[in-house]
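Add 20 to the 1-based position in the sequence shown for full-length UniProt numbering, that's all there is to it. Even for Gly, the Cβ is constructed at its ideal location relative to N, Cα and C. Note that this is a predicted model, so its numbers are computed, not measured.
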Amino acid sequence: AQPRPSNFIRDIILKDIASGKHDGRVQTRFPPEPNGYLHIGHAKSICLNFGLAAEFNGKCNLRFDDTNPCKEEVEYVDSIIEDVRWMGFQPDGVYYASDYFGQLHAWAIDLIKAGKAYVCDLTAEEVRKYRGTLSEPGTESPYRNRTIEENLDLFERMGKGEFPDGTRTLRSKIDMTSPNLNMRDPVMYRILHADHHRTGGTWCIYPMYDFTHGQSDSIEKISHSICTLEFEDHRPLYDWYIESLGIFPPQQIEFDRLNLTYTLLSKRKLLALVQNKVVSGWDDPRMPTLSGIRRRGYTPEAMRTFCSRIGVSKTNGTIELGLLEHAVREDLNKRAARVMAVLKPIKVIIDNYPEGQVEEMEAVNNPEDESMGTRQVPFSREIYIEQDDFREVPPKGYYRLSPGKEVRLRYAYLITCTSVLKNQAGEVVEVHCSYDPATRGGNTPDGRKVKSTIHWVSAPHAISAEVRMYENLFSKEDPNDVAEGRDWMDNLNPHSLEVVTGGKLEPSLSDAAPGNRYQFERLGYFCADTDSKPGSLVFNRTVGLRDSWAK
Ligand code: ATP
Ligand code: MG
Ligand code: MG
């Protein structure tokens, strides 16, 4: 197993196990709200929660924090279940906060009876005003001292649907002068005449996130409730509800949110990209969603390696996108089969090669993994090479093909350019060459040196494909960095997608199935897209070959 650097969360768990807290039991959960697709930031939380449970023989639940009926959908629930599985984890239980609505409601009544909650008639706007600010204490609501009987009656009538949305809330009675704004009588329940994706029309009052999350953790006997740093100042409230109700006390631990350069990790903003059709959907390969990067060709192994490398801390920062790409490249280098593909072809005719002759050249599938074996690649008189691999007038230091110059064709022969054929516009349309029959396999019996080796595809055997080349979705390192009067959408990179049609691929790719990953030699890593069908293949560039992180 890979040596794992420790982190402060693991250290807390180790200490708790040593002291026998919760009988040394480790129970975590990953708690998404089903209001969008999971993104790379969620992968960090998934790896942490499931990873720690696995390491300590514990359990990890998947729990949907589905308290907001207006923004949540079954489509999101399904995608989240699929994405967690794709990351390589199996939830020990799949739960829904909405399944606890009955229990939460009973607990709300308990708090009313204990004089710790009241029905308040202030509007949302008024509640905000009364709350005060960090520098000013809040003002008590005029409804704060209603009798328990009156509160019970009003809360019951709220639940029966007697009042319109927004007219009343149930609030906890804590401390309007607390330096922590979350403790200034936070709202527990609001009126919302809306159908919920699971409970339908059963409820017209819904618990707030803060009144739901800790108690859901408690019901599931979560030992360590791991969440991101923005919940640090919610922890006193989390603990207040647990203590006031006298229920099992999970321990909340906060860690830093993942931010990546050139990337936005916010479901709200990703939803805006989908709704405005800036991308083709949540799984557009440019999206930082798990479904997007999966479609693009990223592997769950690379994601887990990345998450383990970035670690966790107590201060928010931003990770270089290059670090993620490095992990992907490293993994694909080990597992992706090498093939030859010419994306922007120009035809080469080898005049002294016998017409109609075809030779099968043996090619290595992966120099990193001998067990992947070899394959036969057909070679013939007419081939395609990349336009970039030929220059009629070579610049200084250009060692690829040009008139009078010799190059090696990968796995085949050495060829020398003898002449070119141009169209009326003066563009080269055919490159004519001669080959040296003594150089089969790329060796030179006389020991002469050839600097350049280029890839190729036999023209009569080539299969066509569309290839989608991706760049960063945003051109700014921090997409949220916007000038006055502009917004983050102005930072979109207009060149994030280039569709290359007319690519020519070696015939072994004809049976590429969606999701299959390859290294196109000299070009990068590519993956057959979900749009790909036999006869009309489509590939995504997962990541290029160049790696500024290696060495
Ligand atoms: P978003 O702002 O994208 O909607 P969220 O925090 O509201 O994110 P949740 O569905 O509540 O999304 O997230 C589920 C879990 O994943 C939470 O524990 C949350 O803290 C964690 N999480 C979300 N985004 C990140 C991130 N960028 N880095 C690390 N953990 C994250
Ligand atoms: Mg959240
Ligand atoms: Mg959110």
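Determine the extent of the alpha helix (DSSP H) in which residue i is found, giving its start and end residues.
i	result
MET323	320-330
MET307	Segment: none, MET307 is in no alpha helix (DSSP H) and carries neither H nor E.
THR232	229-239
TYR96	94-106
residue 11	No statement about residue 11 is possible, as the shown extent of the chain runs from 21 to 571 and does not include it.
CYS80	No alpha helix (DSSP H) contains CYS80, which is instead part of the beta strand (DSSP E) from 79-84.
GLN407	Premise fails: GLN407 is in no alpha helix (DSSP H) and is neither H nor E.
GLU526	Counting along the chain, GLU526 falls outside any alpha helix (DSSP H), and DSSP gives it neither H nor E.
ILE33	28-39
GLY61	60-75
Is it right to say residue i is buried, meaning 16 or more other beta carbons lie within 10 angstroms of its own, or is it exposed?
i	result
GLU426	buried
PHE175	buried
ALA445	exposed
ALA570	Bear in mind that a pLDDT of 49 at ALA570, under 50, signals an unreliable position, so the number given afterwards is only what the model happens to contain. So ALA570 ends up on the exposed side.
LYS241	exposed
ALA144	exposed
LYS553	exposed
VAL558	buried
LYS524	buried
ILE405	buried
LYS416	exposed
HIS213	exposed
THR189	buried
LEU201	exposed
SER311	buried
Between the beta-carbon of residue i and the beta-carbon of residue j, is there less than 8 Å?
i	j	result
HIS217	GLU93	yes
THR87	MET208	no
ASN386	ARG349	no
ARG430	TRP476	yes
GLN123	SER243	no
ALA137	LYS193	yes
PHE28	PHE50	no
LEU284	PHE84	no
ARG537	LEU517	no
ARG306	GLY61	no
THR197	GLY158	yes
ARG204	ARG288	no
GLU526	ALA361	yes
residue 13	LEU58	Absent from the model: residue 13. The displayed extent of the chain is 21 to 571, so no value can be given.
GLY337	TYR545	no
Cα separation between residue i and residue j?
i	j	result
ALA21	GLU75	Caution applies to ALA21, whose pLDDT of 46 falls short of 50 and renders its modelled position unreliable; the value that the coordinates give is listed next. Roughly 12 Å separates the two Cα atoms.
THR438	TYR373	13 Å
ILE474	VAL448	19 Å
LEU390	PRO514	Note that residue 390 corresponds to Glu in the displayed sequence, not to Leu. The straight-line gap from Cα to Cα measures roughly 41 Å.
ALA485	PRO465	37 Å
LYS35	GLU156	40 Å
LYS367	TYR455	15 Å
ALA322	ASP409	32 Å
LEU290	ASP215	24 Å
residue 572	TYR163	With the chain represented from 21 up to 571, any question about residue 572 goes unanswered, as that position is not in the structure.
SER333	LYS133	41 Å
ASP549	ASP130	54 Å
THR335	LYS41	27 Å
ASP501	PHE121	40 Å
Starting from the Cα of residue i, find the closest Cα among the options and give me that residue.
i	options	result
ARG355	LYS91, CYS547 and ALA63	CYS547
HIS452	ARG401, ALA445 and THR338	ARG401
THR325	ASP501, PRO423, MET107 and THR338	MET107
PHE399	SER516, ILE194, GLY461 and VAL294	GLY461
LEU565	ASP549, PRO554, GLN539 and SER552	GLN539
GLY179	CYS224, LEU543, ILE330 and ASN81	CYS224
GLU53	THR394, GLN47 and SER99	SER99
VAL520	GLU95, ARG561, ASN200 and LEU310	ARG561
ARG105	THR319, GLU146 and ASN55	THR319
GLU388	VAL502, ARG420, LEU352 and TYR404	LEU352
THR281	LEU344, ILE273 and SER530	LEU344
ALA432	PRO270, GLN407 and ILE403	ILE403
PHE109	VAL397, ILE66 and GLN235	ILE66
TYR418	ARG30, PHE275 and VAL470	VAL470
THR436	GLY535, GLU450, GLY342 and LEU421	LEU421
Can you name the start and end residues of the beta strand (DSSP E) that residue i belongs to?
i	result
LEU190	189-192
LYS136	No beta strand (DSSP E) holds LYS136; DSSP gives it neither H nor E.
HIS244	244-248
PHE540	537-540
Does residue i get closer than 8 Å to chain D when you measure Cβ to Cβ?
i	result
ASN372	Here there is only one protein chain, and chain D is not present.
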